[in-house]
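Trainee: Can you read through this structure? Questions will come right after.
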Ligand SMILES: Cc1cc2nc3c(=O)[nH]c(=O)nc-3n(C[C@H](O)[C@H](O)[C@H](O)COP(=O)(O)OP(=O)(O)OC[C@H]3O[C@@H](n4cnc5c(N)ncnc54)[C@H](O)[C@@H]3O)c2cc1C
């Protein structure tokens, strides 16, 4: 990647202007992924740190997490929803040196199936607010995962988490070492007579589904769920890890 321009807009207007002038550009937030990546077509980086997005907005109905908010800020915040799920997953992202600079927006937008944010955001029914040439656009996290390319040139502005009391939350994250990226993530809460379960990392496309607790394991053998072969294990290994968590959820749901 040969970067010819490094821009630092101070307003959304300037950001849109920069994007318009430099179509071969990429946003940079914490930079933990951008600096390690090779984008042969990119000649411009647009640094978003001066857009005032390192903040958390709290109302009675929702939390509005600015996309530049770091995982350390989330861990230290007053966010209190879905048990302590937000803080639980933030604590697992990389070592502390990464959490201090890596942002929620960079994680959601980096586009990997293993990103730590996706299953918790699916479980919490998060909404994403984008800014682009065509104006502001809001979408649910599920729709975003289905159609990521629609948003590839837009700025993720805010992640909205509805404040809901869902009772106790199950969360499991399997990784080869404490600091490694996840091999499997499962989060769940009870949902009426069912259990709402969100899965990611082991599967090609993170998903959420409500299902009777006794049927939880059937999610792991659903032919529509595709597993990934990579250096962290083959597809069969990933399937077995997910099945172990789903079995645990069945027991957890009976006990809670
Ligand atoms: C040592 C190490 C350990 C890691 N461990 C984990 C881990 O355990 N779990 C995990 O999920 N990830 C992990 N990561 C990956 C990465 O650090 C995270 O995904 C991080 O959250 C990315 O955020 P960032 O702010 O650094 O993004 P950047 O690197 O700045 O950007 C990442 C991508 O998102 C785009 N982008 C950034 N912000 C926006 C925005 N607001 N709107 C639109 N596009 C945007 C950029 O253009 C780029 O394509 C790790 C990385 C390293 C180097």
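Residue numbers (my numbering): 2 to 257.
Where a beta carbon is used, it is the ideal one built from N, C-alpha and C, also for glycine.
Keep in mind it's a predicted model, so treat the numbers as computed, not measured.
Expressed to the nearest angstrom, what Euclidean distance is found between the alpha-carbon atoms of residue 242 and residue 84?
Mentor: Position 241 of the chain shown, counted from the first residue, corresponds to residue 242. Position 83 of the chain shown, counted from the first residue, corresponds to residue 84. Straight-line Cα distance between these residues: approximately 24 Å.
Trainee: How far does the alpha helix (DSSP H) with residue 75 in it reach, from first residue to last?
Mentor: In the chain shown, residue 75 corresponds to position 74, counting from 1. Residue 75 -> alpha helix (DSSP H) spans 72 to 76.
Trainee: Are the segment 137 to 155 and the segment 40 to 59 touching, with three or more C-beta to C-beta distances below 8 Å?
Mentor: Because the criterion of three Cβ pairs below 8 Å is not met, the segment 137 to 155 and the segment 40 to 59 do not touch.
Trainee: Under 8 Å from any heavy atom of ligand 1, does the C-beta of residue 76 make it?
Mentor: As a first step, residue 76 is located in the chain shown; it is residue number 75 there, counting from the start. Residue 76 Cβ: outside cutoff for every heavy atom of ligand 1.
Trainee: Below 8 Å on the Cβ atoms is my guess for residue 191 versus residue 213; work out the distance and round it to an integer in Å.
Mentor: In the chain shown, residue 191 corresponds to position 190, counting from 1. In the chain shown, residue 213 corresponds to position 212, counting from 1. Going by Cβ atoms, the distance from residue 191 to residue 213 rounds to 11 Å, so no, they are not a contact pair.
Trainee: Ligand 1 heavy atoms versus the CB of residue 96: any closer than 8 Å?
Mentor: Sequence index remark: in the chain shown, residue 96 carries index 95 (1-based). Yes, the Cβ of residue 96 comes within 8 Å of a heavy atom of ligand 1.
Trainee: Is any non-hydrogen atom of ligand 1 found closer than 8 Å to the C-beta of residue 54, if you look at the structure I gave you?
Mentor: The count along the chain shown starts at 1 and reaches residue 54 at position 53. Correct: residue 54 has its Cβ closer than 8 Å to ligand 1.
Trainee: So, under 8 Å CB-CB, residue 11 and residue 51 are touching, yes? Tell me the CB distance rounded to an integer number of Å.
Mentor: For the purposes of this step, residue 11 is taken as residue 10 along the chain shown, with counting starting at 1. For the purposes of this step, residue 51 is taken as residue 50 along the chain shown, with counting starting at 1. Contact flag correct, Cβ pair sits at about 5 Å.
Trainee: Would you please verify whether the beta carbon of residue 76 is less than 9 Å from any beta carbon of chain B?
Mentor: The chain inventory of the structure shown lacks chain B, comprising one protein chain alone.
Trainee: Going by DSSP, what residues sit across from residue 46 in a beta bridge?
Mentor: Along the chain shown, read from residue 1 onward, the residue named residue 46 stands at position 45. Looking at the DSSP assignment, residue 46 forms a beta bridge with 7 and 27.
Trainee: Is residue 106 near ligand 1, judged by its Cβ being under 8 Å from some heavy atom?
Mentor: For the purposes of this step, residue 106 is taken as the residue at position 105 of the chain shown. Yes, since a heavy atom of ligand 1 falls inside the 8 Å radius drawn around the Cβ of residue 106.
Trainee: Would you list, in sequence order, the uninterrupted alpha helix (DSSP H) runs of no fewer than 4 residues that lie entirely inside the segment 71 to 140?
Mentor: The segment 71 to 140 contains these whole alpha helix (DSSP H) runs: 72 to 76, 86 to 92, 97 to 100, 105 to 110 and 119 to 124.
Trainee: Beta carbon of residue 180: closer than 8 Å to some heavy atom of ligand 1?
Mentor: Stepping through the chain shown from its first residue, residue 180 is reached at position 179. For ligand 1, at least one heavy atom lies less than 8 Å from the Cβ of residue 180.
Trainee: For a minimum of 3 consecutive residues, which ranges assigned as the beta strand (DSSP E) are wholly contained in the segment 163 to 225?
Mentor: Those beta strand (DSSP E) runs which fall completely within the segment 163 to 225 and span 3+ residues are 170 to 175, 185 to 192, 195 to 201 and 208 to 213.
Trainee: Where does residue 229 sit, in a helix, a strand or coil, going by DSSP?
Mentor: Translated into positions along the chain shown, residue 229 becomes position 228. It is coil, neither helix nor strand.
Trainee: Determine the extent of the beta strand (DSSP E) in which residue 63 is found, giving its start and end residues.
Mentor: Residue 63 sits at position 62 when you count from the first residue of the chain shown. Element bounds for residue 63: 63 to 67.
Trainee: With contact counted as at least three CB pairs below 8 Å, one residue from each stretch, are the segment 123 to 134 and the segment 4 to 21 in contact?
Mentor: The answer is yes - the segment 4 to 21 touches the segment 123 to 134, with three or more Cβ pairs under 8 Å.
Trainee: Looking only at DSSP bridge pairs, what is residue 240 linked to?
Mentor: Position 239 of the chain shown, counted from the start, is the residue given in the question as residue 240. According to DSSP, which records beta bridges pairwise, residue 240 is partnered with nothing at all.
Trainee: Would you say the beta carbon of residue 157 is closer than 8 Å to some non-hydrogen atom of ligand 1?
Mentor: The residue you call residue 157 lines up with position 156 of the chain shown. Yes, the beta carbon of residue 157 sits closer than 8 Å to at least one heavy atom of ligand 1.
Trainee: Provide the residue span of the beta strand (DSSP E) that contains residue 58, from first to last.
Mentor: For the purposes of this step, residue 58 is taken as residue 57 along the chain shown, with counting starting at 1. 57 to 59 is the extent of the beta strand (DSSP E) around residue 58.
Trainee: Going straight from the alpha carbon of residue 81 to that of residue 253, what length do you get?
Mentor: Residue numbering aside, residue 81 sits at position 80 when the chain shown is read from its first letter. Residue numbering aside, residue 253 sits at position 252 when the chain shown is read from its first letter. Each residue's Cα considered, the two are about 22 Å apart.
Trainee: Thinking residue 186 and residue 96 are a contact (beta carbons under 8 Å), I'd like their distance in whole angstroms, please.
Mentor: For the purposes of this step, residue 186 is taken as residue 185 along the chain shown, with counting starting at 1. For the purposes of this step, residue 96 is taken as residue 95 along the chain shown, with counting starting at 1. The Cβ separation is near 18 Å, so there is no contact.
Trainee: Taking Cβ positions, are residue 224 and residue 201 nearer each other than 9 Å?
Mentor: Counting from one through the chain shown, the residue named residue 224 turns up at place 223. Counting from one through the chain shown, the residue named residue 201 turns up at place 200. For residue 224 and residue 201, no; Cβs fall outside 9 Å.
Trainee: Look at the Cβ atom of residue 75, then the Cβ atom of residue 88, and state whether they are nearer than 9 Å.
Mentor: Against the chain shown, residue 75 aligns to sequence position 74. Against the chain shown, residue 88 aligns to sequence position 87. Their beta carbons are under 9 Å apart, which means residue 75 touches residue 88 by this criterion.
Trainee: Would you say residue 188 touches ligand 1, meaning its beta carbon is less than 8 Å from a heavy atom?
Mentor: Taking the first residue of the chain shown as 1, we reach residue 188 at position 187. For ligand 1, not one heavy atom lies less than 8 Å from the Cβ of residue 188.
Trainee: Could you compute how far the alpha carbon of residue 220 sits from the alpha carbon of residue 8?
Mentor: Here residue 220 is taken as the residue at index 219 of the chain shown, counted from 1. Here residue 8 is taken as the residue at index 7 of the chain shown, counted from 1. Approximately 45 Å, taken between the alpha carbons.
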